[in-house]
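Written out below as structure tokens is the structure these notes cover.
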Amino acid sequence: MMSLKVLFVVILSFALTICRPAPDKGPWDVLGDLINKIPTVPAIPSIPAIPTIPQFPTFPTSPANPGFPTFPSNLPTVPTFPNNPTIPEFTTPKMPSFHDFFPTLPWPFGR
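Mapped onto mature numbering (1 follows the signal peptide of the UniProt record, and there is no 0), the consecutive letters of the sequence shown carry residue numbers -21 to -1, 1 to 90.
Next comes the structure, spelled out in structure tokens:
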């Protein structure tokens, strides 16, 4: 609290030395004159508005299903493929064994 009083006295004395008020001005007038001498900051230009996103075209709705749009009937169809039995099933490759590397040697570690 004491520091606020000291700060106020310093500001007021600074204002009195700069402004040199007329005899009929009080300390608040001096402080107001000092504040009025502070240059104003130019206004920040406003941010331009975000452009609106164009809406998607609306399709006419089907009378049978009002919430579902009706699409043109001339759209290409997706081809369907039958199950192809010629594709082999995926099998995990066999881990090579000792006999694959050394076919003539007996297995030294038992069966």
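Every residue gets a Cβ at the ideal spot worked out from N, C-alpha and C, and that includes glycine.
*For residue 6, collect the residues of the same chain with a Cβ closer than 6 angstroms to its Cβ; drop the 5 residues on either side in sequence, then sort them by chain order.*
Mapped onto the sequence shown, residue 6 falls at position 27. So the list reads -10, once near-sequence residues are dropped.
*residue 16, enclosing alpha helix (DSSP H) - first and last residue*: Translated into the one-based positions of the sequence shown, residue 16 becomes position 37. First-last of the alpha helix (DSSP H) with residue 16: 6 to 16.
*asked:* Check for me: the alpha helix (DSSP H) holding residue 80 runs from which residue to which?
replied: The count along the sequence shown starts at 1 and reaches residue 80 at position 101. Element bounds for residue 80: 77 to 80.
*With DSSP as the reference, label residue 73 as helix, strand or coil.*
Position 94 of the sequence shown holds residue 73. Looking at residue 73 - three-state DSSP - the assignment turns out to be coil, as it is neither helix nor strand.
*Apply the 10 Å Cβ neighbour rule to residue -13 and answer buried if 16 or more other Cβ atoms are within range, or exposed otherwise.*
Counting from one through the sequence shown, the residue named residue -13 turns up at place 9. In the assembly as shown, residue -13 is an exposed residue. Its beta-carbon has fewer than 16 other beta-carbons within 10 Å.
_Per-residue DSSP class, three states only, for residue 84_ = Here residue 84 refers to the residue found at position 105 when the sequence shown is read from its first residue. Residue 84 falls in the coil class under three-state DSSP.
_Once DSSP output is grouped into helix, strand and coil, what is the label at residue -5?_
As a first step, residue -5 is located in the sequence shown; it is residue number 17 there, counting from the start. In the structure shown, residue -5 sits in a helix (DSSP, three-state: H, G or I).
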